[in-house]
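Take 15 as the starting number for the sequence shown in the numbering used here and just add one per residue.
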Amino acid sequence: MSQVDSLEEVIEKNPQEKHLSDYRPSDYSISTIDLEFDLFDNQTTVKAISQVKRVSAKATPLFLFGESLKLLSVLVDDVDYSDFELIEEGGMLINSLPDSFKLEINTEVDPAKNLAFEGLYKSGEAFCTQCEAEGFRRITYYLDRPDVLAKFSTKVIADKTLYPYLLSNGNQVDQGDLEGGRHFVSWVDPFPKPAYLFALVAGDFDCLKDTYTTKSGREVELALFVDKGNLDKTQHAMLSLKKSMQWDEQRFNLEYDLDIYMIVAVDFFNMGAMENKGLNIFNSKFVLANPQSATDQDYLGIEAVIGHEYFHNWTGNRITCRDWFQLSLKEGLTVFRDQEFSSDLGSRSVNRIANVMTMRDHQFSEDAGPMSHPIRPESVMEMNNFYTLTVYEKGSEVIRMLHTLLGEEKFQQGMQLYVQRHDGQAVTCDDFVAAMQDASAIDLILFKRWYSQSGTPNVFVTDHYNNINNTYQITFKQKTLPTADQAKKLPLHIPIDIELLDNKGNAIELSKGRTTRVLSLTHKEQTFVFQNVKSKPVPCLFRGFSAPVKYQYAYSDEQLLDIMSFASDEFSRWDAGQTLFNKYLVKNVKALQQKEALELPEIFIDGFKSVLVSENLDPALIADMFTFTSENGARELFEYVDIDAIHHARHFMLQEIATQLHELFVDTYLRHHKLKAYQADINDIAERKLKNISLIFIALVDKKLANEYVLAQIDSCNNMTDHLGALTAANIGLLPCRSDVMKAFDDTWYENGLVMDKWFALQASMPCEKVLNNIENLFNHRSFVFNNPNRLRSLVGAFAQNNTYHFHNIDGSGYQFLTEQLIKLNSLNPQVASRLITPLIQFKRLDEVRIQLIKKQLNRLLVLPDLAVDLYEKVTKALAQ
Ligand code: B3K
Ligand code: ZN
């Protein structure tokens, strides 16, 4: 049987896609649901009593979603009911119901066996839940869809010694002791919510308490629950929460609404965190930090994720999504809000650069791959597969473009109108844009195409300067290539923030007193003319990455250096450096392919030299200027991706930079290597970043000196950033001390899984042939736990995602290794499997040998008898390319 036949056959007998266009309001509404959980490891019973009302005119049966449940009984208006049928695909159909009734459903679940971490499960000793997107149906039969909003009350019963804390959404209203050493706590959440925001936690924790007084003067109790012994790692998370609450009041005029806000940190969690109403559940990675165990990046990540989940209270919880196709309504907007939060508190440019790196290194390839979808997808098989960089990060870029087009004032008016119109409702992306349009009186009809069109637009820029009448004319052409999901592409509304530099590097006035302007590109091709331009300018385009596009302009090296030195926007300076690097990367890849000599001209080195010695630039920005396009990101620069040539050309360039600027890197390292008390403060973070980047460049060329520095740095450092910085240099430079310092780290930290994640990720990104062999051995390491998603991401994910060259080893070993892990994970935790598969499905532009090797592995997955829908969706789409 040919591959195509088997693919078609498999597709035929498997799950179908759901379509946005099929949306219909629910036939029934639920006003209240009272839950009672009697918690036991393997036999937890759930009693769910709902007040249900038919809203449709027709007397249709009631369909309730339900999966992996043991049904104990169904009662309608307190009487045992049997007129229902269980549906194999996951649910129950109840017939002959009255117009309005009380529905009681009793189910049993097995939390201890639930290793998919969806629904009710055990994380270590604690019980916890994850219901977004469709996990509540693994707790009870319910109208598990985001547009059914009900008031929840929850009674939790459990052993009192093992589970002193019993938590759920809303406010605590009752508690008491029961027979047999058990106790209960009852909670009521006054705000109607969809089931995906339900949460329950039971466990024994250490708790950090605090309070926050909102701007209207209400006192809110704050509580942070962590595993026993971790209280010394909670200060930063609590501070971040208070900063988030204050920032949302100041910038968005949004205040917290319940009397208590709780955050629980757990070790077994599929994602970063979850915004359940009043009871956020977090991956402990995004809560726990002290200087010894967490890096600067961890500190910043915690602040951002705490902010993100907190901001969801309005954008997501108070106003939620009508259906899951609208996910970007809450996620794109909330990512935008958390990015703004981080930028207002820290460095705007450095944050912007980090976000753009994510777009270019990862989102662009998603948009060009088999899973390409618009920020508002039109068809979905497994919803969990759509918590993507496109929905989140590109979604945020779309909100940012709205912000650019409207300006802060009108954007905030739009937000206010959105809240005023839709508080307490489940709405659509169209509703959001309508509020923005109505508040600003700016026409956004064309702009809305960003919601329905996938793919990264290419913008080709040409210009012409007329020195007789002093006019400068600039022409933009946009073209989006067909994507896997959508052949036909239309022109988009693309805001282009522009600045023109004159021959002395000064910004030219573009309109009264203004030297920058946002042009609206709305057609396939458009020309803009600037008058009174005295000399041929250097155009600084897409300032601040004003649109999520790839753009091309035939910049000379000199022009790029001008932008690097003179652009008023720090992001543009960085971007010009990236463009210059990419230009030579493309050249050198070609040279390698044609067996010609590689080159990096003096002008390039000189340009970067002046960056390194600059006294005015923020050290963090300098560090970013020396963080060049990754091998992953570089793939997007080519039509045909030559893994080997990209690796070798990039390596040559880094080696060349390290050699030619060696003394300056040493000097920079020494200047910024300061021994002082640790503070997660923006200036100190910047210095550590530049110092540790310099150390890497030193390690590339002078192993002896680098070895010395690494050992001394580890010896004297008082924080994880510097410790890990030294280890990273030892790892990348394969320094003589590498194995000793790795071992010492392991011996110190082996009991702390989160810290060991950093170590596993280093092992996985080791730039050497034997890396895969090492990884395989590390599965037996004392700190490795296969079931823990964090460990898996650090070891397997870091290898497949970041160690591009070795993962794509032409012998196929990387592909085979990943596939073997996916086969194991398919039945344990399909959600995590489905995230890890990404590098295996984006293969279309690789060489034929690698394509065949990958297809062979994907076909192994395809024929698994119990292939989870999460993987099924991606594997079939990948093979159909
Ligand atoms: N809303 C959650 C993500 C849920 C993912 C479900 N597979 C976290 C967040 O975006 O804030
Ligand atoms: Zn979110």
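Cβ coordinates follow ideal geometry from the N, Cα and C atoms, glycine included.
8 Å contact criterion, which residue i and residue j should meet: CB distance rounded
{"i": "Leu343", "j": "Phe446", "result": "6 Å"}
{"i": "Val90", "j": "Ile153", "result": "The pair is not a contact, with the Cβ atoms about 20 Å apart (cut-off 8 Å)."}
{"i": "Leu214", "j": "Thr168", "result": "6 Å"}
{"i": "His322", "j": "Asp352", "result": "4 Å"}
{"i": "Phe461", "j": "His507", "result": "4 Å"}
{"i": "Leu117", "j": "Val66", "result": "5 Å"}
{"i": "Ile619", "j": "Ser628", "result": "No, Ile619 and Ser628 are not in contact; Cβ-Cβ is about 15 Å, not under 8 Å."}
{"i": "His319", "j": "Phe300", "result": "The question names His, but residue 319 is Val in the sequence shown. Their Cβ separation, rounded to whole angstroms, is 4 Å, which keeps Val319 and Phe300 in contact under 8 Å."}
Range covered by the alpha helix (DSSP H) that runs through residue i
{"i": "Phe666", "result": "657 to 674"}
{"i": "Arg702", "result": "696 to 715"}
{"i": "Val627", "result": "616 to 627"}
{"i": "Leu431", "result": "409 to 436"}
{"i": "Asn128", "result": "Asn128 -> no alpha helix (DSSP H), and no H or E assigned at all."}
{"i": "Lys604", "result": "584 to 607"}
{"i": "Asn745", "result": "734 to 746"}
{"i": "Tyr569", "result": "Run containing Tyr569: none; DSSP gives neither H nor E here."}
{"i": "Ile855", "result": "852 to 855"}
{"i": "Ala581", "result": "Neither: Ala581 is in no alpha helix (DSSP H) and is coded neither H nor E."}
Simplified DSSP state of residue i, which is helix, strand or coil
{"i": "Pro160", "result": "coil"}
{"i": "Pro112", "result": "coil"}
{"i": "Leu236", "result": "strand"}
{"i": "Ser16", "result": "Here Ser16 scores only 42 on pLDDT, less than 50, and its place in the model should not be relied on; the value that follows carries that caveat. Reduced to three states, the DSSP call for Ser16 is coil."}
{"i": "Tyr723", "result": "helix"}
{"i": "Leu506", "result": "coil"}
{"i": "Glu81", "result": "coil"}
{"i": "Leu211", "result": "helix"}
{"i": "Val883", "result": "helix"}
{"i": "Glu392", "result": "coil"}
{"i": "His387", "result": "coil"}
{"i": "Met285", "result": "coil"}
{"i": "Val66", "result": "strand"}
{"i": "Lys899", "result": "Coverage of the chain is limited to positions 15 through 895, which leaves residue 899 absent and any answer about it impossible."}
{"i": "Lys865", "result": "Reading off the sequence, residue 865 comes out as Ile, not Lys. Note: Ile865 maps to helix in three-state DSSP."}
{"i": "Phe652", "result": "coil"}
{"i": "Phe559", "result": "coil"}
{"i": "Ser35", "result": "helix"}
{"i": "Pro178", "result": "coil"}
{"i": "Pro633", "result": "helix"}
{"i": "Thr890", "result": "helix"}
Residue interval of the beta strand (DSSP E) (run including residue i)
{"i": "Phe350", "result": "That residue, Phe350, is in no beta strand (DSSP E); its alpha helix (DSSP H) goes 341 to 359."}
{"i": "Phe539", "result": "Checking the sequence shown, residue 539 turns out to be Glu, not Phe. 539 to 544 is the span of the beta strand (DSSP E), which, as asked, contains Glu539."}
{"i": "Ile824", "result": "Element bounds for Ile824: n/a, residue is neither H nor E."}
{"i": "Phe51", "result": "42 to 52"}
{"i": "Ser534", "result": "530 to 535"}
{"i": "Lys491", "result": "485 to 493"}
{"i": "Tyr226", "result": "220 to 227"}
{"i": "Glu99", "result": "98 to 101"}
{"i": "Thr476", "result": "472 to 480"}
{"i": "Met373", "result": "From DSSP, Met373 is part of no beta strand (DSSP E); its letter is neither H nor E."}
{"i": "Phe642", "result": "Taken as a continuous stretch (DSSP letters only), Phe642 belongs to no beta strand (DSSP E), as it is neither H nor E."}
{"i": "Val280", "result": "274 to 280"}
{"i": "Phe296", "result": "293 to 297"}
Which residues DSSP lists as bridging residue i, in chain order
{"i": "Trp201", "result": "Thr168, Gln186"}
{"i": "Met397", "result": "Answer by DSSP bridge pairing: none, since Met397 is not bridged."}
{"i": "Pro553", "result": "Leu514"}
{"i": "Ser137", "result": "Ala140"}
{"i": "Thr59", "result": "Asp52, Glu122"}
{"i": "Ile333", "result": "Thr329"}
{"i": "Leu76", "result": "Ile108"}
{"i": "Leu117", "result": "Ser64, Val90"}
### Whole alpha helix (DSSP H) elements within the region 749 to 832, 4-residue minimum
752 to 763, 767 to 778, 785 to 792, 803 to 806, 812 to 816, 818 to 821
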